[in-house]
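Notes follow once the structure below has been shown.
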Amino acid sequence: MPSHPLIVSISEGEEISVILPSFCSFHLRFGCKALSTDSGFRFMNLDDETGRAHDSIEINGDAAEGNLILEPYVGMEFDSEDAARKFYVEYARQMGFVVRIMQRRCSGIDGRTLAQRLGCNKQGFSPNRRGIYGSDKKPRPSSREGCKATILVKMEKSGKWIVSRIVKDHNHPLVVCSNGFSCSGDKDKKIEELKMELEHQEQQCVAYREKLFDFISTVEEQTEELSSKIQMIIGNVRQVESGTQKHYPFRQ
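Going from the sequence shown to our numbering is simple: count from 1 and add 1.
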């Protein structure tokens, strides 16, 4: 049975319940403002602190099979960068594609991530390596197809992470298994997990390096200040000694 999108419209200040069969148990996670029960969804008003009102939530799924997908939308709010990334990875798993970190913008002061762009792993094009390995080598099939599907999340002053841009359309087939998840191999999944972990470790290294540089700079400043004080004391002592010799010349 094909899946059909379910549109839930919510007016300002309104609560609405969507009643589904009892076997359609679905849990909204990753900081989304919603509640769920075994018999349905109870969506609260989605006005956030910034004053943006979201008119509707789109849920793709087949209620008969219990497969429901919360669609991302511009203005969607998360409690953290990790929550936003986990949501999009889970969304990609259910839609049938693999996520890759496309771009990350960090603070030059403390190394914190300020914005992150995630996208389909088929985004871009693989370079032509025929000239590198020789014309007699059979080129490997490219996994890049120039897909434009992407999502951009930014951290706001409140500390919340907001979806500021999203492209949902893919230019290639999405392969989903019968269990409702992507059929991508465990190898691709492990590679993506390792890439994300590496990105996290690099971010921590940047932060630690900044702290180390600040500490070294502070030590150097204190050393220079201490050296200046020592030189001043030495100069004062020499002046005192010189004055003493003038008033009380040394007699042999």
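Each residue gets a CB set at the ideal place from its N, CA and C atoms; glycine is no exception.
- Restricting attention to ILE234, VAL99, ILE235 and ILE163, the CA atom closest to the CA of ILE192 is found in VAL99.
- Beyond the five residues adjoining it in sequence on each side, ALA116 comes within less than 6 Å, by CB distance, of ARG106 and LYS155 in the same chain, given in chain order.
- Beyond the five residues adjoining it in sequence on each side, ASP111 comes within less than 8 Å, by CB distance, of ALA208 and GLU211 in the same chain, given in chain order.
- The closest CA to that of GLN205, considering only LEU153, GLY109 and ARG113, is found on ARG113.
- For LEU227, the secondary structure class from DSSP, reduced to helix, strand or coil, is helix.
- Nearest to ALA85 by alpha-carbon distance, out of SER108, ARG118 and GLN95, is ARG118.
- Straight through space, the alpha carbons of GLY120 and SER165 are spaced by roughly 14 Å.
- For ALA85, the enclosing alpha helix (DSSP H) has its first and last residue at 82-96.
- Per DSSP, the unbroken beta strand (DSSP E) holding ARG101 starts and ends at 100-107.
- The C-alpha of GLN124 lies about 14 Å from the C-alpha of ILE167.
- Burial is judged here by how many other beta carbons sit within 10 angstroms of a residue's own beta carbon; GLU221 has fewer than 16 and is exposed.
- In the structure shown, the three-state DSSP call for ALA150 is coil.
- In this chain, the beta strand (DSSP E) harbouring GLN117 covers 114-121.
- When DSSP states are grouped into helix, strand and coil, MET77 belongs to the coil group.
- In the DSSP secondary-structure assignment, MET156 is bridged to TRP162.
- Sorting LYS161, ASN172 and LYS158 by C-alpha distance to the C-alpha of ALA150 places ASN172 at the top.
- At a Cβ-Cβ threshold of 8 Å, ASN122 and ARG94 do not count as neighbours.
- Cβ contact annotation for GLN202 (same chain, cutoff 8 Å, sequence separation greater than five): none.
- Here LEU195 carries a helix assignment [DSSP, helix/strand/coil].
- With fewer than 16 other Cβ atoms inside 10 Å of its own Cβ, LEU195 counts as exposed.
- In the three-state scheme derived from DSSP, where H, G and I count as helix and E and B as strand, LEU175 is classed as coil.
- Between ILE163 and GLU82, the CB-CB gap reaches or exceeds 8 Å.
- CA-CA distance, ILE234 to GLN223, rounds to 16 Å.
- In this structure, DSSP gives ILE167 an extended state, which the three-state scheme calls strand.
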